[in-house]
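Student: Take a look at the following structure, please.
Number of protein chains: 2
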Amino acid sequence: MQRTKFGEMACSIARTLDVIGEPWSPLILRDVWVGMNRFDQLQADLGISRKVLTERLNHLVEQGVLERVPYDKRPRYEYRLTAKGAELVDLLMVMAAWGDRWLAGEAGPPVLYRHHACGEISRVDLRCAHCGEPMHAGDVDLLPGPGAAVSG
Amino acid sequence: MQRTKFGEMACSIARTLDVIGEPWSPLILRDVWVGMNRFDQLQADLGISRKVLTERLNHLVEQGVLERVPYDKRPRYEYRLTAKGAELVDLLMVMAAWGDRWLAGEAGPPVLYRHHACGEISRVDLRCAHCGEPMHAGDVDLLPGPGAAVSG
DNA sequence: TTCTTGAGTTCCTTGAAGAGACTCCATGAC
DNA sequence: GTCATGGAGTCTCTTCAAGGAACTCAAGAA
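Residue numbers (my numbering), protein chains in the order written: chain P, 227 to 378; chain V, 227 to 378.
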């Protein structure tokens, strides 16, 4: 349904939601990220209905976020992140960082992230690609871009 | 419905989805961010049904992401981002950045972001809070955190 | 040959989203 | 005082998506 629900909106947020905005899609991506690549693994881990899992996987493959790779001569496939999909997982890390900060409660975060480059437990931080200073929603002005006035 | 759908999962991504994972919620937040603060404005801009808009706003207020502020003696309210909500908008900026990169097409991005600190058109970049180097999904190991083994 | 296993399909029921009319209530116009 | 207005919702009905569970299909194992 949601396939073209938001996409007409000339808004990159809406367009992104057309790719991973449907229920379960972000969690499917997370699972693939941590190495759960197969249909039955995903179905068992998420407790999602097989029908919906099929639909979501097909959509994510169509969108170029996952690829379906045979791993056996039998009809056996597994799902892998594409480059496009890997960058979506960056988004999931930011989502996790927000959840860690605001929803983790007493127990603390369920998952820690160790950064390869420095070897430390860390978290992701948003910075300006131009000047390197922190960049948050309150630190920017929004201007119409070249793709602003899409008509039709 | 989705209110506690994913939240039991001891996963900050799932918990975050319980807050803004429902259809329309991210777009409602975006609209409030850019200054559309009132019920009828939101309803007209999004084309969402009034019933669903009511449900979403209530949920976002319950979650502490928006606050409902009277702006007149009459029963007139507007919705504002809380600090918690403003940090969610950071997530939307990352979402927009992904959409700009992968879905904008020929026309280019519909919106540009000018960073206050440097005055330049820029985009958000993910860096390690510890060492300041780029931090992407492929650059981290995941380890169980203190809140990992939530039972019940 | 039959069994098993991964990867889906199909069908039926339940529950959420959409559309749009209706309500409530304080104010300003008359 | 009465009426009209406009923002902010509620109510109801229909449509469409999600859940659950049984069924199918292909190929290698016993």
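Yeah, the Cβ is synthetic: ideal placement off N, Cα and C, and Gly gets one too.
When we look at the beta-carbon of GLU346(P) and count the other beta-carbons within 10 Å, is it buried (16 or more) or exposed?
Tutor: So GLU346(P) ends up on the exposed side.
Student: My assumption, with CB atoms under 8 Å, is that ALA343(P) sits in contact with CYS354(V). Please give the rounded CB distance.
Tutor: Sure, about 7 Å apart at Cβ, within 8 Å.
Student: Would you say TYR305(V) faces chain P, with C-beta separation under 8 Å as the test?
Tutor: Output row for TYR305(V): interface = no.
Student: Compute the distance between the beta-carbons of LEU317(P) and MET361(V), then report whether it is under 8 Å.
Tutor: Not in contact: LEU317(P) and MET361(V) (Cβ atoms no closer than 8 Å).
Student: Under 8 Å by Cβ, that's how I've got ALA374(V) and MET319(P) pegged, so tell me the actual separation to the nearest angstrom.
Tutor: Rounded, the Cβ-Cβ distance is 17 Å, inconsistent with contact.
Student: Of all the CB atoms in chain V, is at least one closer than 8 Å to the CB of HIS342(P)?
Tutor: Yes, HIS342(P) lies at the interface with chain V (some Cβ there is under 8 Å from its Cβ).
Student: Extract the residue ranges of the alpha helix (DSSP H) inside the stretch 280-332 of chain P, only unbroken runs of 4 or more that lie entirely within it.
Tutor: Fully enclosed alpha helix (DSSP H) runs of 4 or longer: 309-329.
Student: Taking all protein chains shown into account, do 16 or more other C-beta atoms lie within 10 angstroms of the C-beta of PRO335(P), making it buried, or fewer, making it exposed?
Tutor: The residue in question, PRO335(P), is buried, as its Cβ has 16 or more Cβ neighbours within 10 Å.
Student: Identify the residues that DSSP records as bridge partners of VAL337(P): which are they?
Tutor: The partner list for VAL337(P) (beta bridge, DSSP) reads PRO370(V).
Student: If you draw a straight line from the alpha carbon of ARG340(V) to that of GLN269(P), how long is it in whole angstroms?
Tutor: Their Cα atoms are separated by approximately 43 Å.
Student: Determine the contact status of LEU352(P) and LEU338(V), defining contact as a CB-CB distance below 8 Å.
Tutor: No; because the gap between Cβ atoms is not below 8 Å, this pair is not in contact.
Student: DSSP puts LEU352(V) in a beta bridge; with which residues?
Tutor: Its beta-bridge partners are LEU352(P).
Student: If we cut at 8 Å on Cβ distances, does LYS310(P) have a partner in chain V?
Tutor: Yes, its Cβ sits closer than 8 Å to a Cβ of chain V.
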